[in-house]
Amino acid sequence: MPELPEVETVRRGLEPAMAGARIDGFEARRADLRFALQPDLAKRLIGQTVIGLGRRAKYLLAELSSGDVLLMHLGMSGSFRVLQGEAAATPGAFHHPRNDDRAHDHVVFRMSNGAVVVFNDPRRFGYMKILAPGEIADEPFLKGLGPEPLGNSFDAALLASACAGRKTSLKAALLDQRVVAGLGNIYVCEALFGAHLSPKRIAATLATRTGAPTERAERLVEAIRAVLNAAIKAGGSSLRDHRQTSGELGYFQHSFAVYDREGEPCRTPGCTGVVKRFVQNGRSTFWCPKCQK
Ligand SMILES: [Zn+2]
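In full-length UniProt numbering, the protein residues as written are 1 to 293.
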């Protein structure tokens with residue numbers, strides 16, 4: 001499943017095509033993605049200008065001139081691509097080397113700037129939902145999400161207070177979207193490596209008895225930010241189905257320090273350890289037992 005850096009990469013790819021442009025056409029080629037599309041979706045989209053394209057955790061949020069917000073989630077295999085110029089003007093020109101089967105092009109936006117934005121999703125775990133202004137605060141998908149790891153409010157004190165008293169592992173705590181939003185298995189493994197912290201360590205050890213952040217919490221916040229920023233810079237990771245809106249692959253998978261590197265030497269300078277894998281809460285954890293404590 002795409003994690004925060006992949007969704008942010010998609011957002012940055014869609015922004016020039018969508019932000020500031022009016023939705024002149026909207027076509028849903030089926031009545032449902034993961035969930036049924038709302039019957040009035042097209043009516044509420046067509047004619048509206050996209051004021052801005054934001055992101056919250058792994059959700060894309062298109063803010064419309066009507067005040068409505070279109071929430072979009074990529075699911076497991078969803079991707080957007082942007083056609084411009086001749087490609088956008090040619091009827092049916094949605095050919096893409098990634099996926100010759102146009103049957104998976106489920107949703108098409110035609111923008112006033114000439115761009116055509118196509119949502120393709122072979123497995124159909126993605127979804128779209130339009131929200132009226134009053135519905136956003138109570139939206140179940142967004143409610144209860146923890147802080148944005150790249151946002152200003154996320155710091156060691158906030159992370160420590162979310163982990164204080166928690167007997168779960170650090171790995172499980174970071175995967176909990178209420179603690180911090182948008183992280184998944186890959187970037188949690190990478191961030192724990194970057195902070196030299198064991199994925200098995202008890203989450204409560206990020207806080208002192210009074211709930212103040214320990215030095216470990218400071219290190220972990222820095223490592224989370226560093227790994228996310230590096231991944232966004234590389235266009236995300238191209239594991240499974242993630243592509244950028246241009247169809248290009250992301251490159252961050254070549255920079256993984258531990259993820260998917262079982263049996264390979266640790267990349268910490270001076271460490272003679274070997275990357276190990278074990279199953280934790282049903283998911284593979286990759287780490288160096290020698291330098292992650
Ligand atoms: Zn090591």
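Beta carbons: idealized from backbone N, C-alpha and C, even for Gly.
In the three-state scheme derived from DSSP, where H, G and I count as helix and E and B as strand, Gln280 is classed as strand. Residue burial annotation: Glu27 is exposed, with fewer than 16 other C-beta atoms found within 10 angstroms of its C-beta. Residue Leu159 holds the alpha-carbon nearest to the alpha-carbon of Thr208 among Leu159, Ala19, Leu174, Asn185. As a beta-bridge residue in DSSP terms, Leu53 pairs with Ala62. For the options Ala257, Ala172, Thr210, the alpha carbon positioned closest to that of Gly273 is the one of Ala257. Counting only heavy atoms of ligand 1, the residues whose C-beta sits closer than 5 Å to one of them are, along the chain, Cys266, Thr268, Cys271, Gly273, Cys288, Lys290, Cys291.
Setting aside the 5 residues that flank it on each side, Ile46 is surrounded in the same chain by Ile23, Asp24, Gly25, Phe26, each with a C-beta closer than 8 Å to its C-beta; the list follows chain order. In summary, His73 is buried, with 16 or more beta-carbon neighbours lying within 10 Å of its beta-carbon over all protein chains present. For the 7 Å CB-CB criterion, Ala21 and Asn113 form a contact. Taking 7 Å as the cut-off, the beta carbon of Gly250 is found closer than this to the beta carbon of Gly235. CA-to-CA, the gap between Asp121 and Arg201 works out to about 37 Å. Look at Thr205 here: in three-state DSSP terms it is helix. If only uninterrupted beta strand (DSSP E) runs of at least 3 residues are considered, those enclosed by the segment 106-146 are 116-120, 127-131. Measuring C-alpha to C-alpha distances from Gln48 to each of Ala57, Gly54, Ala62 identifies Ala62 as the nearest.
Annotation for Ala36: no alpha helix (DSSP H) segment contains it, and DSSP assigns it neither H nor E.
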